[in-house]
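In terms of the working numbering, the sequence shown opens at residue 510 and continues consecutively.
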Amino acid sequence: MPNGEKILRSWMVYSLTSKNLYCFCCHIFAMANNTNAGTFTTGFQKWWKLNPKVADHEYSNEHLENLEKWKTLEMRLKLNKTIDDAGLQLMDTEKQKWKHLLTRLLDITLFLAKQNLAFRGHDEGQD
Ligand SMILES: [Zn+2]
């Protein structure tokens, strides 16, 4: 700030590979919606022009909407209230089912090996 005060902007990220400064929430959500929130979405390179543009961007309607979407998603991820949560629970149930089945098959195999028995059953039919 012009008065020397420092403000932490958690939404501002720097890419080491592209050497650009991005607005994290606008980069994620504006790109997903195919809207362009300006240079903070595509990458900001001219550091000497940051001063008025950061404040303008910070209070723009599009940035505030994207910031709200980001914070809402962050909260939902913490609470496991996302759309794919039901799918993840179903996948965990299936994983447990197959884990139990594999455990039973291994127990059977170990039992048969200890008793020196074959896997196939006793056939009393005519040959
Ligand atoms: Zn933004």
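We put the beta carbon where it would ideally sit given N, CA and C, even for glycine.
- Exposed is the label assigned to E633, since fewer than 16 other Cβ atoms lie within 10 Å of its Cβ.
- Looking at the DSSP output, C532 shares a beta bridge with M521.
- Secondary structure note for Q635: it is in no alpha helix (DSSP H), with a DSSP letter that is neither H nor E.
- The beta carbon of H609 sits no closer than 6 Å to any heavy atom of ligand 1.
- The region 594 to 612 and the region 548 to 555 do not touch, with fewer than three beta-carbon pairs separated by less than 8 Å.
- For F628, the number of other beta carbons within 10 angstroms of its own is below 16, and it is reported as exposed.
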